[in-house]
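**Student:** Under my numbering, the first residue of the sequence shown carries the number 190, and numbering increases by one thereafter.
The C-beta atom is built at its ideal place from N, Cα and C for all residues, glycine as well.
Computed from a predicted structure; not experimentally measured.
Attaching a single structure in structure tokens format; questions to follow.
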Amino acid sequence: MSARSPETHLGDGRRSMALRRLLASQVAVVVAAATMFSGVAAQPVVAAAPLHANVIDARGLSLPPTTSYCLTNFGIHCYSPAQFEKAYDLGPLHTHGIDGRGQTIAVVDSFGSPTIANDLHVFDQTFGLPDPPSLKIIAPAGPIPAFDATNSDMVGWAEETTLDVEWSHVFAPGANILLVETPVSETEGVTGFPEIVKAENYVINHNMADVISQSFGATENTFPSKASLLNLRSAFFNAYSHGVTVLGSSGDEGATDFQLNQSDLYTFRVNSWPSSDPLVTSIGGTQLTLDDAGNRLAPDVVWNDGYGAGGGGLSSVFARPDFQDGVRKVVDGKRGTPDISMSAAVDGGVIVYYTFDPSHVGYHIFGGTSESSPEFAGIVAMADQLAHHRLGLLNNRLYDLSRSPFSGIVDMTTGNNTFGPFTNSDGNTYTVVGFDAGKGYDLASGVGTVDAARFVPALASGH
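Written as structure tokens, this is what we have:
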């Protein structure tokens, strides 16, 4: 199914944001969200599961923009790798050779991108990054259809792929990257997941990756039955038994998410899978405010910037797992998401480079929790390297570390993931009240975000 891409104009035609909602809960649905969430009249948006947003118009930019340029020309912040190197305190790790070397990050995306090897190389040359030791592309679930630059669904997934690969590499420039392409677009409900499960099991069974990043998801309520969702979990059990860490983006529509028709949002709180799975570490979204050098001008807040909001809430499928017993006052008897959060805002989006679409060649700005999952995958790769072994399912460790002031987990106490107003196809306007950030664990930011120089050693050592 292809995704239509309405545009939200930021002042004039040069400030248009292509709103694509690729994988209903983890790519950078900032685009779709923007149409419904910025005061602009809502248009039907097909939600194809990635959650990324492209803020530059069809031409792209021939040179990477600075934060000052983005503020002047687009009215939003945008960030380069060097700014995140400073903001997330990655420098001390990279300087000492803790860069993910010897580890492999698997990025799973429908269709992939036909130009990702070239695009990553140009991105690296632009920002002074080394090429990864290895970039391998596999399609274990079946042949990938020929890329069609006029197919908005394929374009959206290619954008997602570019974001995932380039920004996992920013965080762990020494790690190998395994791009795992699948032949069926993940949308809502079961569609696309059988192929994803097959591909992930292949990767795990062949010992090909240490951490798997999933920038996609489907609203739990869109599955035909609870059993139909539970029957898709084999790769997560497999990953658990092999010590492979699995991450999932928490979503871009705050406390709500898309219905099965892929255009309307639920008018009550919902959650999305695989982020909600207890065998997955759910990665939420934050908003950073940085200057051109990467210095913080304000503390991080929950991503909720008018273009989208970090997903979070209570699962309707999974009961409270043991690792959340310590936050039972927040989650009650249900699995709560997210577990931890990283940058995802559109107003604070990251720069990517691609050439797969002749009309869009150049630099673009993406946001969404599709960004936060690959970023955290880089963090995990560095921790695996430092530990000299795979850390596997992280969730018990994350919640234990959150109780230590020396863990590098940075609590976030500002913001919420309320979503709205938005207009559904019935013509009515709704707001879904979400959850507030607060001291300790909450359903807007999880346990918080990270200072990598402190967090990676703490995660690697387990205390």
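#1: So, is P334 buried or exposed, given that buried needs 16 or more other C-beta atoms within 10 angstroms?
#2: First and last residue of the beta strand (DSSP E) that includes A633?
#3: Do the stretch 568-575 and the stretch 286-300 make contact, defined as three or more Cβ pairs closer than 8 Å?
#4: By Cβ distance, which residues of its chain are closer than 6 Å to P319, with the 5 residues on each side in sequence left out?
#5: Am I right that N605 and V491 are in contact with their C-beta atoms under 8 Å? What's the rounded C-beta distance?
#6: Rounded to whole angstroms, what's the CA-CA distance from L368 to I385? Just pull it up for me.
#7: With a threshold of 6 Å on Cβ separation, who are the neighbours of G551 within its own chain once the five nearest residues in sequence on each side are excluded?
#8: Compare the Cα-Cα distances from S634 to each of I529, I326, P281, D298 and report the closest residue.
#9: Look at T607 and P488 and say whether their C-beta atoms are less than 9 Å apart.
#10: Residues in the same chain with beta-carbon distance under 6 Å from K325, minus the five sequence neighbours each way, listed in chain order, please.
#11: Starting from the C-beta of T315, find all residues in its chain whose C-beta is less than 7 Å away, skip the five residues before and the five after it, and write them out in chain order.
#12: Which same chain residues end up closer than 6 Å to D337 when comparing Cβ atoms and leaving out the 5 residues on each side of it in sequence?
#13: Could you tell me whether the stretch 405-416 touches the stretch 499-507, where touching means 3 or more Cβ pairs closer than 8 Å?
#14: With DSSP run on the structure shown, which of helix, strand or coil describes G474?
#15: Assign H578 to buried or exposed, taking buried as 16 or more other Cβ atoms, counted over all protein chains shown, within 10 Å of its Cβ.
#16: R524 lies in the beta strand (DSSP E); which residues open and close that run?
#17: For I540, name the three-state secondary structure that DSSP assigns.
#18: Note down the Cα distance separating R643 from L479, rounded to an integer number of angstroms.
#19: Tell me, please, which residues DSSP counts as bridged to M601.
#20: Taking a contact to mean a Cβ-Cβ separation below 9 Å, would you say V539 touches F273 in this structure?
#21: From the DSSP output, which residues share a beta bridge with V400?
#22: Within 8 Å, do at least three Cβ pairs link the stretch 297-315 to the stretch 508-527?
#23: What are the start and end residues of the beta strand (DSSP E) that includes N365?
#24: Between the Cα of G443 and the Cα atoms of L449, F382, S417, A534, which residue gives the shortest distance?
#25: Evaluate contact between the stretch 611-631 and the stretch 548-565, counting only Cβ atoms and requiring at least three cross-stretch pairs below 8 Å.
#26: Compute the Euclidean distance between the alpha carbons of A649 and L580, then round it to the nearest angstrom.
#27: Would you mind working out which of I598, H310, A424, A482 sits nearest P467, comparing C-alpha positions?
#28: Rounding to the nearest angstrom, what Cα-Cα distance links L587 and S548 in this structure?
#29: Please classify S461: does DSSP put it in a helix, a strand, or coil?
#30: Look at the alpha carbon of L632 and the alpha carbon of M601, and state the distance between them as a whole number of angstroms.
#31: L454 to T612, Cα distance in whole Å?
#32: In whole angstroms, what is the alpha-carbon distance linking F565 and R524?
#33: Looking at the structure shown, is H553 part of a helix, part of a strand, or coil, going by DSSP?
**Tutor:** From the atom records:
#1: On the sequence shown, residue 334 is found 145 positions in, with the first residue counted as 1. Exposed: under 16 other Cβ atoms inside 10 Å.
#2: On the sequence shown, position 444 is the one that residue 633 refers to. First-last for A633: undefined, no H or E at that position.
#3: In short, these stretches touch, since the Cβ pair count reaches three.
#4: Taking the first residue of the sequence shown as position 1, residue 319 is located at position 130. The answer, listed in chain order, is P362.
#5: The residue given as residue 605 occupies position 416 in the sequence shown. The residue given as residue 491 occupies position 302 in the sequence shown. The beta-carbon separation of N605 and V491, rounded to 6 Å, stays under the 8 Å limit for a contact.
#6: Looking up residue 368 in the sequence shown gives position 179. Looking up residue 385 in the sequence shown gives position 196. Here the alpha carbon of L368 sits roughly 12 Å from the alpha carbon of I385.
#7: As a first step, residue 551 is located in the sequence shown; it is residue number 362 there, counting from the start. Hits under 6 Å: G249, L250, S251.
#8: If you number the sequence shown from 1, residue 634 lands on position 445. Check the Cα spacing between S634 and each of I529, I326, P281, D298: the tightest is with I529.
#9: As a working mapping, residue 607 is identified with position 418 in the sequence shown. As a working mapping, residue 488 is identified with position 299 in the sequence shown. At least 9 Å separates the beta-carbon of T607 from that of P488.
#10: Position 136 of the sequence shown, counted from the start, is the residue given in the question as residue 325. If we look at K325 and ignore the five residues flanking it on each side, its Cβ neighbours are L367.
#11: Taking the sequence shown and counting its residues from 1, the one referred to as residue 315 is at position 126. Cβ-Cβ distances below 7 Å link T315 to P253, Y542 in the same chain, with the five nearest sequence neighbours on each side left out; the list follows chain order.
#12: Translated into the one-based positions of the sequence shown, residue 337 becomes position 148. Taken in chain order, the residues that qualify are M343.
#13: Under the three-pair Cβ rule at 8 Å, the stretch 405-416 counts as touching the stretch 499-507.
#14: Taking the sequence shown and counting its residues from 1, one reaches residue 474 at position 285. In the structure shown, G474 sits in a strand (DSSP, three-state: E or B).
#15: Position 389 of the sequence shown, counted from the first residue, corresponds to residue 578. Burial call: exposed.
#16: Mapped onto the sequence shown, residue 524 falls at position 335. Start and end: 523-526.
#17: Here the question's residue 540 lines up with position 351 in the sequence shown. Here I540 carries a strand assignment [DSSP, helix/strand/coil].
#18: Start at 1 with the first residue of the sequence shown, and residue 643 comes out as number 454. Start at 1 with the first residue of the sequence shown, and residue 479 comes out as number 290. Those two C-alpha atoms are separated by around 20 Å.
#19: Counting from one through the sequence shown, the residue named residue 601 turns up at place 412. Note: M601 is not bridge-paired with any residue in the DSSP secondary-structure output.
#20: Your numbering for residue 539 matches position 350 in the sequence shown. Your numbering for residue 273 matches position 84 in the sequence shown. With contacts defined as CB atoms closer than 9 Å, V539 and F273 qualify as a contacting pair.
#21: Taking the first residue of the sequence shown as position 1, residue 400 is located at position 211. BP columns for V400 point to I294, T434.
#22: Touching, no.
#23: In the sequence shown, residue 365 corresponds to position 176, counting from 1. From DSSP, the beta strand (DSSP E) with N365 extends over 365-371.
#24: Working through the sequence shown from its first residue, we reach residue 443 at position 254. Nearest option by C-alpha distance: A534.
#25: The stretch 611-631 is not in contact with the stretch 548-565.
#26: Position 460 of the sequence shown, counting from 1, holds the residue named residue 649. Position 391 of the sequence shown, counting from 1, holds the residue named residue 580. Straight-line Cα distance between these residues: approximately 7 Å.
#27: Indexing the sequence shown from 1 puts residue 467 at position 278. For P467, the closest of I598, H310, A424, A482 by C-alpha to C-alpha distance is A424.
#28: The residue labelled residue 587 in the question sits at position 398 within the sequence shown. The residue labelled residue 548 in the question sits at position 359 within the sequence shown. Spanning the alpha carbons of L587 and S548 requires a straight line of approximately 43 Å.
#29: As a position in the sequence shown, residue 461 is number 272, starting the count at 1. If DSSP states are grouped into helix, strand and coil, S461 belongs with the strands.
#30: Here residue 632 is taken as the residue at index 443 of the sequence shown, counted from 1. Here residue 601 is taken as the residue at index 412 of the sequence shown, counted from 1. Each residue's Cα considered, the two are about 11 Å apart.
#31: The sequence position of residue 454 within the sequence shown is 265, counting from 1. The sequence position of residue 612 within the sequence shown is 423, counting from 1. C-alpha of L454 to C-alpha of T612: approximately 9 Å in a straight line.
#32: Counted from its first residue, the sequence shown places residue 565 at position 376. Counted from its first residue, the sequence shown places residue 524 at position 335. C-alpha separation (whole angstroms): 20 Å.
#33: Numbered from its first residue, the sequence shown carries residue 553 at position 364. Strand.
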